Amino acid sequence: MAEITLEKVVKRYGALGVVHGIDLTIAHEEFVVLVGPSGCGKSTTLRMIAGLEDITGGLVKIGGQVVNDLPPRKRNISMVFQNYALYPHMNVRDNLGFGLKIAGQSPAEIARRVTEAADILGLVPLLDRTPAELSGGQRQRVAMGRAIVRNPDAFLFDEPLSNLDAKLRGQMRAEIKKLHQKVRTTVVYVTHDQVEAMTLADRIVVMKDGNIEQVGTPMEVFNHPLTTFVATFIGSPPMNLLPGTIAGQIVRLADGTEVPVPDRLQRFVRDGMAVQLGIRPDDISPVGHGLSQDGPGAEVSLTVDLAEPLGMESLIYTRLAGQEVQAKLYGPRIVAPGEVLAFRLALDRAHLFDAASGKSVRAH
Amino acid sequence: MTVTVQSRASKQAKRIALWFTTFALMLVMCVPGLWVVLSAFRPNREILAKPPVWIPQELSLVNFGKVFGFGAEQVGIPVGSYFANSLIIALTSTIIALIIGIGGGYAFARYRFRFKGGLFLGLMLFRAVPGIALSLPVFMMWSKLGLVDTKLGLIIVYVSLNVPFTIWLIDGFFRQIPQALSEAAQVDGCTRWQAFWKIEFPLAKSGIAAAGVFAFLTSWNEFALASQLTRSTDSKTLPVGLLDFTAQFTIDWAGMCAMAVIIIIPALILTFIVQKHLIAGLTFGGVKG
Chain W
5 MAEITLEKVV KRYGALGVVH GIDLTIAHEE FVVLVGPSGC GKSTTLRMIA
55 GLEDITGGLV KIGGQVVNDL PPRKRNISMV FQNYALYPHM NVRDNLGFGL
105 KIAGQSPAEI ARRVTEAADI LGLVPLLDRT PAELSGGQRQ RVAMGRAIVR
155 NPDAFLFDEP LSNLDAKLRG QMRAEIKKLH QKVRTTVVYV THDQVEAMTL
205 ADRIVVMKDG NIEQVGTPME VFNHPLTTFV ATFIGSPPMN LLPGTIAGQI
255 VRLADGTEVP VPDRLQRFVR DGMAVQLGIR PDDISPVGHG LSQDGPGAEV
305 SLTVDLAEPL GMESLIYTRL AGQEVQAKLY GPRIVAPGEV LAFRLALDRA
355 HLFDAASGKS VRAH
Chain B
422 MTVTVQSRAS KQAKRIALWF TTFALMLVMC VPGLWVVLSA FRPNREILAK
472 PPVWIPQELS LVNFGKVFGF GAEQVGIPVG SYFANSLIIA LTSTIIALII
522 GIGGGYAFAR YRFRFKGGLF LGLMLFRAVP GIALSLPVFM MWSKLGLVDT
572 KLGLIIVYVS LNVPFTIWLI DGFFRQIPQA LSEAAQVDGC TRWQAFWKIE
622 FPLAKSGIAA AGVFAFLTSW NEFALASQLT RSTDSKTLPV GLLDFTAQFT
672 IDWAGMCAMA VIIIIPALIL TFIVQKHLIA GLTFGGVKG
């Protein structure tokens with residue numbers, strides 16, 4: 005059992021606070037992704053779990069045991085580093101077996117477990133090469149092999165795919181997911197890439213400025229963002245945010261356009277409240293070219309400023325309520341700039357955020 | 422067409438000029454060395470002949486025999502003791518300078534501590550002071566401490582001369598090794614100490630070897646301070662021993678050159694080693710970027 009618990013964990017470098025007292029519980033065998041922009045404290049948090057950074061305040065527990073003062077080697081975790089950190093002077097076999105050798109395993113046992121890990125990751129033909137003779141993806145696999153060979157309580161990944169090109173990143177992402185299905189272990193995975201977060205995670209932890217903004221399953225975080233930060237960070241292209249004011253059960257946007265408050269949010273709004281209407285590009289579509297054509301919605305005529313065809317869909321830049329918004333057109337239809345189209349806003353999927361705090365009105 | 426011919430011609434001219442300059446510079450550097458080596462195998466009269474004899478007429482090992490005390494002509498110079506002194510002093514001071522250099526270099530490369538910048542600058546500035554400028558104060562201190570004409574006295578001087586350099590060089594090599602490697606080793610089960618010895622030290626090995634050879638050569642070749650601080654066969658080193666060939670009215674050039682060759686050979690061997698290490702470097706294939 006390796007549940008990882010963070011209780012009010014704080015990290016400061018002198019006067020500079022990097023992590024401001026976060027609480028998080030990662031269940032046994034759970035795949036948790038810490039995601040956020042650079043400088044949000046996600047890597048620092050991971051390094052505190054690993055024992056590579058001192059913990060300024062709070063508790064870190066692994067498997068129920070407080071590990072604040074334990075060195076990395078006593079935490080029974082393994083880590084995949086952003087730059088792989090393979091030992092350049094050892095071949096793949098010795099890289100994989102290094103941890104076992106340090107632990108004093110017998111050569112036969114080391115050989116058995118190295119072969120086993122190499123089998124899982126398809127590294128058998130590479131065992132006698134040095135890291136310098138490997139491609140980026142192969143190095144990545146060796147780094148993962150080194151992590152699994154010791155059979156640790158938890159894997160920690162620190163932006164493991166950020167050095168790979170886009171195609172390889174997609175492949176390795178799938179391999180990591182498969183690996184987790186094969187080797188059921190607690191995983192803490194740090195990335196700034198929301199696609200990795202969405203695709204890999206059992207639960208996503210969105211961080212910003214040393215605080216946790218939201219914790220939830222990928223679909224929860226995507227469908228019910230608690231803050232405008234989460235709303236714009238998760239999902240690509242990002243959610244459109246339009247400032248407006250509540251008047252009864254109507255949102256009056258900046259230019260006077262009136263949109264009904266979505267049914268499910270009606271009980272959370274008060275008259276005169278300054279809000280931001282959040283609506284994803286996927287939910288603004290030309291009539292007949294959207295995802296959901298039924299359910300409550302509003303229709304508006306908008307002029308296309310720019311269209312980016314992506315094959316089966318096009319990304320459309322237009323203006324709504326005096327502000328540039330992105331919309332999506334599904335289907336292989338060519339759209340010309342200047343074209344005026346009737347767009348449908350799928351309001352049942354729209355969000356409302358308090359303009360002052362940036363928090364979802366549901367959170368009030 | 423003409424343009425390419427012209428540019429090819431100018432390229433050719435540039436190459437010739439470059440070769441010529443290189444050759445001229447090499448000549449200036451190599452001729453004295455060559456002269457010393459040649460003279461080591463020639464009799465005094467040929468060395469001193471006017472006009473100079475460039476192509477040696479008679480080559481023999483007589484001069485070496487003389488230096489080592491074989492053969493008919495003997496020079497009463499205790500080359501054996503000098504050689505032993507040089508070896509002991511150079512080796513010991515190099516080993517100490519390396520140990521301090523590894524510790525210091527690692528500290529400067531990996532840790533943050535107070536006055537780090539100032540300390541490093543101070544070490545480098547110390548390096549900028551010419552050794553001979555220190556000779557008088559060192560001599561006075563050493564005579565008070567009874568360290569004049571002892572091997573220990575010279576060892577201490579050479580350690581302090583070499584430490585700034587070894588720290589500087591080794592620091593550079595440790596800086597090239599990504600910190601993630603030591604962290605990975607620690608996660609893999611190493612103590613910090615094990616991570617150092619099993620991962621970082623082997624990777625910095627060539628740098629450490631280079632620093633060691635440089636330190637050894639400095640101590641081996643040093644003359645100015647050694648000539649002040651040594652008196653007898655207890656501590657005199659080979660370069661100082663060279664002076665034994667000068668008498669009041671004569672200089673035994675042949676013997677001196679033979680001994681110079683004896684000094685040069687170990688230095689030459691080590692220089693070849695350092696060259697290999699410096700060029701080899703290390704490919705940091707385990708880490709991208």
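Chains as they are written, first to last, in my numbering: chain W, 5 to 368; chain B, 422 to 710.
Idealized CB from N, CA, C, for every residue including glycine.
Note that this is a predicted model, so its numbers are computed, not measured.
Annotation: Cβ neighbours of D609 (chain B) in chain W (cutoff 8 Å, chain order): R77, S82, F102, G103, I106, R150 and R154. DSSP places Q198 (chain W) in no beta strand (DSSP E) but in the uninterrupted alpha helix (DSSP H) bounded by Q198 to L204.
For Y193 (chain W), not one C-beta of chain B is nearer than 8 Å to its own C-beta. In the three-state reduction of the DSSP assignment, K363 (chain W) falls in the strand class. Here C611 (chain B) is buried, its C-beta having at least 16 other C-beta atoms within 10 Å. Taking 8 Å as the CB threshold, Y334 (chain W) stays off the interface with chain B. Neighbours of E604 (chain B) in chain W, taken as residues at a C-beta separation under 9 Å, are given in chain order as R51, A54, L56, P76, M83, F85 and A89. Taking 8 Å as the threshold, the shortest C-beta distance from H196 (chain W) to chain B does not fall below it.
For secondary structure counted as the alpha helix (DSSP H) over 4 or more consecutive residues, the stretch 169-242 of chain W holds these complete runs in sequence order: 170-186, 198-204, 222-227 and 232-237.
For M148 (chain W), the enclosing alpha helix (DSSP H) stretches over residues G140 to I152.
Note on geometry: alpha-carbon atoms of R463 (chain B) and V580 (chain B) lie some 38 Å from one another. A straight line joining the alpha-carbon of L624 (chain B) with that of G522 (chain B) spans about 16 Å. For the C-beta of P129 (chain W), not a single chain B residue is nearer than 8 Å; the gap to the nearest is close to 18 Å.
Taking a Cβ-Cβ cut-off of 7 Å, the neighbours of A601 (chain B) in chain W comprise F85, N87 and A89, given in sequence order. Counting of Cβ neighbours within 10 angstroms places Q144 (chain W) among the buried residues, the total reaching 16 or more. With respect to E200 (chain W), R177 (chain W) sits close: the two C-beta atoms are nearer than 8 Å. Just measuring C-alpha positions, the residue of W:I338, W:A107 and W:G301 sitting nearest L319 (chain W) is W:I338. Chain order gives the chain W residues near Q615 (chain B) as I106, where near means a beta carbon separation below 8 Å. Taking T29 (chain W) as reference, the option from W:L20, W:V22, W:K65 and W:V84 with the minimal CA-CA separation is W:K65. In the structure shown, E312 (chain W) adopts extended strand secondary structure according to DSSP, grouped into three states. For the stretch 440-453 of chain B, there are no residues whose beta carbon sits under 9 Å from a beta carbon of chain W. Within chain B, no C-beta atom comes less than 8 Å from the C-beta of H32 (chain W); the nearest is roughly 20 Å away.
When C-alpha distances from K78 (chain W) are compared across W:G67, W:N87, W:V84 and W:F85, the shortest belongs to W:G67.
Burial state of Q607 (chain B) is buried, judged by a 10 Å Cβ sphere holding 16 or more other Cβ atoms. Around the beta-carbon of Q696 (chain B), fewer than 16 other beta-carbon atoms lie within 10 Å, marking it exposed. In the same chain as A325 (chain W), and ignoring 5 residues on each side of it, the C-beta atoms closer than 6 Å to its own belong to L246, L257, A258, D259 and T261, in chain order.
With a threshold of 8 Å between beta carbons, P164 (chain W) makes no contact with chain B.
Between V255 (chain W) and L281 (chain W), the gap from beta carbon to beta carbon is short of 8 Å.
Not flagged as an interface residue toward chain B: P111 (chain W), since no C-beta distance is shorter than 8 Å.
Restricting attention to W:A136, W:R116, W:L204 and W:A147, the CA atom closest to the CA of L125 (chain W) is found in W:A147. Proximity of the stretch 584-591 of chain B to the stretch 539-553 of chain B meets the contact definition, three or more beta-carbon pairs being nearer than 8 Å. Listed as beta-bridge partners of P290 (chain W) by DSSP are W:F347. The CB of I523 (chain B) never comes closer than 8 Å to any CB in chain W; the least such distance is about 17 Å. Nearest Cα to G61 (chain W) within the set W:R16, W:Y91, W:G335 and W:K46: W:R16. For I591 (chain B), no Cβ of chain W is located within less than 8 Å of the residue's own Cβ. Bridge pairing for H24 (chain W): W:V14 [DSSP].
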